[in-house]
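Working notes, beginning with the structure itself.
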Amino acid sequence: MRNFLFCIIVIGGICACSGSAANKQVKYTPSIAAIPSNSGFNLKLPAATMVPFRGEVSFDSAGQNTGGFLYPAPNAGGLLVAIATHAAISSSINDSQKTSFQEKADTVLDPYKSIISHYSYQELVDSSLKKLGPNKYGLIISKTDTVDQPWTIESSPVFILSQDKDALVLQNTIAVYMAGRPNSVIYKNMIQVISSPMETADFERYWSNNDGTNLKNTSSDLFSDSLNIALAEMRKEDAAEEGAYRTFHYLEGKHEKLERAQLIAEDCKRMVIRTLRGWVMSVPAKNDAGCHTNI
Amino acid sequence: MNARLPIALLVTFSLLVGCASTPQAPVQLAGDSLKGTKIGIAMAPLPKTDTNLLGAGCLLCMAAASVANSTLTDYTRKLPQEDLPNLKNRLAKVLRDKGAEVVVIDEPLNLAKLPSTSTKGVNTADKDFSSIKQKYQIEKLLVVNVYMLGIVRTYANYVPTSDPKATFKATGYIVNLKNNTYDWFLPVDVTKSADAVWDEPPKFPGLTNAYFQTLELGQDSFLKPLSE
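These protein sequence lines are chains A and B, in that order. Residue 8 is where the first sequence starts when you use this note's numbering, and the numbers rise one by one after that. Residue 18 is where the second sequence starts when you use this note's numbering, and the numbers rise one by one after that.
Dropping the structure here:
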């Protein structure tokens, strides 16, 4: 009986390890220090020069079928080795399937490759900081190479185009620390901003017209929105109390999407919500009704 | 040659073929077929929210898979079903808006206890609902049968072949009680994966989000076509 239980635990352990992808998700760290009004921030971006874009991917259909498998097992030890081998192969197949899904999803960007390959962080930031405008906390964001501010905002934006090309989504990983102290992060989070629905019959041309003017304009709008949300997060004591978790309906292009979250703020057209991971999303409201709070 | 063996094989084969029934195909609801109709709405007892490890066939495989997913299973069993038990009342409003006279049947409908129908045919219900017809004096019956809710993960014996995903599996149908045939039949199978990463114990936020998405989408699968 003991051997049987031992086998179950060992096999369970082997199989628990297989298929569990490394957890690389951004962990929400709420602001732990009150950042004074009128503070200045340097904006630090990744070392790469070009802005990353991806195609939106779904893993709903990922995975292999169920099915029997015959293990060549002359004894208990052989059985464990065979199962471990099977687990390793299966895990590898699942990983390569996900990579293949992402590669296929990225083909949605093919018509814009020439635009994206020349779209630099420099261009994104220059345009976004102009749009940022004054915020109610008096917080100022500057480019790292222009002014030396007491705080640093480290930002890693990734833009995702929906498969219908009708929405652009920004996932911006933000970390805030005192200048020169990157290991003492006082706030870290993922800020997601989804573009508002656009009126056009031809999205392929919409994004590529005039050397990608709409693509770049929307990208910088989303990026400046994400910085404003991050600034508000850092001064969270000013924010309204967040409500209970519920399932929010919102629009991504013409598609209705769902997210389990708490409401942070809303106005007629958009909602800001906190997801179960603590991430913040700014999403277009499904119904243009009910103005209560300004975001 | 002993004749018993071929006869036994023939009987076994017939039984196996008999068990392999063809799944009922979807049936579209005719536009105004509910107007002025007295229709009952019943729900089969809801399943417990749980993890379902499909393909872990042998006893040792099932035990190993259960051990490997024990933290997720404990968590999944605590997830609420929210407004799902109230689905029949929301369906009642939809049908009333279409001009039907609706009777909401409060007690859960135990389909296993209903007798099977003696006649078989295209779009004929497996169960005989005549007892419900007599009890509630209704012409048609809308049945919602949610039979799987929670998390599903596929296995090949001991080894997982997919990440865990949220699942909502159900059937919904309207039986015309005059002839026990389907006026409407809809199989619902909603599966959502966590966004990118699922293995985030103890609260599994990615899978929890997917679970609430399937819960909402599953219910919408019934509400939307009936309200059109």
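Glycine included, C-beta positions come from ideal geometry on N, C-alpha and C. Just so you know, these numbers come straight off a predicted model, no measurement behind them.
In the DSSP assignment, the residues bridged to K264(A) are Y257(A). Using a Cβ-Cβ cut-off of 9 Å, F66(A) is close to D180, K182, S210, A211, D212, A213 of chain B, given in chain order. Using a CB distance cut-off of 8 Å, I90(A) counts as an interface residue toward chain B. Across the set Y175(B), T141(B), Y164(B), the C-alpha of Y175(B) shows the shortest separation from the C-alpha of H93(A). Around the Cβ of A182(A), a 10 Å sphere holds 16 or more other Cβ atoms; the residue is buried. Going by beta carbons, T68(B) and T88(B) fall outside the 8 Å limit. The C-alpha of L240(B) is placed about 8 Å away from the C-alpha of R107(B). Within the segment 264-291 of chain A, the residues whose Cβ lies closer than 8 Å to any Cβ of chain B are, in chain order, L265, E266, R267, T282, L283, R284. Unbroken alpha helix (DSSP H) runs of no fewer than 4 residues, entirely contained in the segment 81-109 of chain B, are found at 87-93, following chain order. In the three-state scheme derived from DSSP, where H, G and I count as helix and E and B as strand, Y164(B) is classed as strand.
Not one beta carbon of chain A lies nearer than 8 Å to the beta carbon of V119(B).
For Q71(A), the neighbours in chain B by C-beta distance under 8 Å run, in chain order, T171, A173, T178, S179.
Rounded to whole angstroms, the separation of the alpha carbons of E266(A) and I148(A) is 30 Å. In the structure shown, Q236(B) falls within a helical segment according to DSSP collapsed to helix, strand and coil. Contact of A94(A) with chain B by beta-carbon distance below 7 Å involves V176. For a Cβ distance threshold of 8 Å, residue set A213, V214, E217, G223 of chain B lies close to Q32(A), ordered along the chain.
Restricted to the segment 211-237 of chain A, not a single alpha helix (DSSP H) segment is unbroken, complete and at least 4 residues in length. At least one beta carbon of chain A lies nearer than 8 Å to the beta carbon of F229(B). In the three-state scheme derived from DSSP, where H, G and I count as helix and E and B as strand, A112(A) is classed as helix. P177(B) sits in a strand when the DSSP states are folded into three classes. Beyond the five residues adjoining it in sequence on each side, V121(B) comes within less than 7 Å, by CB distance, of I58, K105, N106, A109 in the same chain, given in chain order. Look at T180(A): its C-beta is not under 8 Å from any C-beta on chain B. A292(A) is not a Cβ neighbour of E263(A), given a cutoff of 8 Å. DSSP places Y78(A) outside both helix and strand once states are collapsed to three, so it counts as coil. Following the DSSP letters along the chain, one finds K51(A) inside the beta strand (DSSP E) bounded by residues 47-51.
Among the residues of chain B, those whose CB is under 9 Å from the CB of S97(A) are A173, V176, P177, T178, following chain order. Rounded to the nearest angstrom, the gap between the Cα atoms of T220(A) and K261(A) is 22 Å. Under the DSSP definition of a beta bridge, T208(B) partners with T184(B). Counting along the chain, S135(A) sits inside no beta strand (DSSP E); it lies in the alpha helix (DSSP H) bounded by residues 128-139. Note: G189(B) is bridge-paired with V161(B), L203(B) in the DSSP secondary-structure output. Contiguous beta strand (DSSP E) elements confined to the segment 112-163 of chain B occur at 118-121, taking only those with 3 or more residues.
Beta-bridge analysis with DSSP links T39(B) to no other residue. For I56(B), the uninterrupted beta strand (DSSP E) segment begins and ends at 55-60.
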